[in-house]
Amino acid sequence: MSEYLSFLIEYVSPTALAVAAASVIVAGFLRGFVGFGGALAMVMILSMVLGPLAAVPISSLSGVPATLQLLPSVLRDADRRFVLMFGIVSIIAAPFGALVLVSADPDIMKMAISGFVLVMVVMLYRDWRPAHRFGHMGGATVSAAVVAGLIQGAAGVGGPPAVVVALARGGSATTQRANVLGAVTSLNVCAWIPFWYFGLYTRDVVVISLIVIPLYMLTTWMGARLFSAGGMLHYRNVALLTLAVIGVGTFAVAVRGYLVG
5 MSEYLSFLIE YVSPTALAVA AASVIVAGFL RGFVGFGGAL AMVMILSMVL GPLAAVPISS
65 LSGVPATLQL LPSVLRDADR RFVLMFGIVS IIAAPFGALV LVSADPDIMK MAISGFVLVM
125 VVMLYRDWRP AHRFGHMGGA TVSAAVVAGL IQGAAGVGGP PAVVVALARG GSATTQRANV
185 LGAVTSLNVC AWIPFWYFGL YTRDVVVISL IVIPLYMLTT WMGARLFSAG GMLHYRNVAL
245 LTLAVIGVGT FAVAVRGYLV G
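Set out below in structure tokens:
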């Protein structure tokens with residue numbers, strides 16, 4: 005145990021751990037309370053202190069347990085053709101987004117990530133979705149998968165486009181939920197290989213991710229419990245307001261850092 009603690013002290017700063025813990029508390033609560041927004045909050049907050057090159061892969065690794073936990077319901081209830089098509093296209097697109105992540109100026113990436121999130125918050129607030137439903141081979145499905153994969157690779161926040169396109173397919177509530185989970189799961193997976201290829205899974209990233217995963221799971225459970233206790237009456241607007249405030253704040257900080265630096 006002492007060797008492990010010495011390792012943490014040497015390779016991971018207390019500030020990094022504190023910020024990671026704070027971001028995970030917010031992210032886990034949002035994921036459990038509303039079912040989305042966890043990665044958005046985590047990436048935005050972590051980017052301010054650790055930078056995008058650490059924040060995005062930490063968010064990716066921290067979501068692995070939830071991804072594995074949700075796979076059975078996806079395989080059981082989802083439209084497999086839709087999930088397969090979305091997954092293949094997003095996996096192809098993600099490396100190009102990751103290339104942007106590793107080559108762009110960090111301050112510009114911070115602004116871009118916050119901007120992405122604010123756009124997605126507006127889409128979710130307005131409950132936007134395509135006017136017509138489409139099949140699993142439809143151009144809208146492919147286009148949404150390309151956009152989501154690029155954003156996931158570049159900023160780790162490609163979930164909202166996936167949610168929009170999955171809900172647009174219609175069907176029963178069970179199928180819609182499974183389609184959403186399937187699309188989001190595809191995004192969680194699609195960035196693993198390019199992040200590894202570009203060397204983003206550093207020792208610090210892996211250690212911080214392993215530390216925050218239990219906290220992420222605990223706060224996710226707490227958020228779900230609060231929702232079940234009656235939070236569903238106000239949950240959506242509260243969650244979107246939280247994300248909007250974080251997005252505006254982090255965007256302002258990123259702009260200031262870019263201008264000063």
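When we follow our numbering, the leftmost residue of the sequence shown carries the number 5, and every step to the right adds one.
Positions of the beta carbon are idealized from the N, C-alpha and C atoms, including for glycine.
Residue i burial status per 10 Å Cβ neighbour count (16 or more: buried)
i	result
isoleucine 62	buried
alanine 158	buried
tyrosine 268	There is simply no residue 268 to check, as the chain begins at 5 and stops at 265 in what is shown.
serine 241	The sequence as given places asparagine at residue 241; serine does not occur at that position. Answer is exposed; the Cβ neighbour count stays below 16.
isoleucine 96	exposed
arginine 35	buried
alanine 233	exposed
glutamine 73	exposed
serine 51	buried
histidine 155	For the sequence presented, residue 155 should be read as isoleucine rather than histidine. Flag for isoleucine 155 reads buried.
aspartate 83	buried
proline 198	buried
alanine 173	The displayed chain sequence assigns arginine, not alanine, to residue 173. That one is buried.
alanine 22	exposed
leucine 44	buried
Test item: CB-CB of residue i and residue j under 7 Å
i	j	result
serine 125	leucine 244	The sequence given here has valine at residue 125, not serine. The answer is yes: Cβ separation under 7 Å.
valine 167	valine 184	yes
threonine 246	serine 118	no
phenylalanine 120	valine 169	no
serine 94	leucine 191	yes
alanine 182	valine 78	yes
aspartate 81	threonine 224	no
aspartate 111	glycine 261	yes
methionine 115	alanine 258	yes
threonine 71	threonine 189	yes
Option in the options with minimal Cα separation from residue i
i	options	result
isoleucine 212	Ala59, Ile49, Leu191 and Leu44	Ala59
leucine 65	Ile250, Ala248 and Ala195	Ala195
methionine 89	Gly153, Val264 and Tyr262	Gly153
tyrosine 129	Val209, Pro164, Val87 and Val47	Pro164
alanine 24	Val209, Tyr262, Ala233 and Val93	Val209
alanine 256	Ser107, Ile49 and Ala97	Ile49
leucine 46	Ile155, Ile29, Thr71 and Phe37	Sequence check: residue 46 is methionine here, not leucine. Answer by Cα proximity: Ile29.
alanine 187	Leu222, Ile197 and Leu171	Leu171
glycine 101	Met127, Val78 and Leu57	Leu57
methionine 226	Leu79, Gly32 and Ala26	Gly32
glycine 91	Ala248, Ser147 and Ser176	Ser147
Cβ of residue i within 7 Å of any chain B Cβ
i	result
tyrosine 205	Among the chains in the structure shown there is no chain B, since it carries only a single protein chain.
- Which parts of the region 154–236 are runs of the alpha helix (DSSP H), unbroken and 4 residues or longer, counting only runs that do not cross its ends? 163–171, 177–194, 196–201 and 207–232
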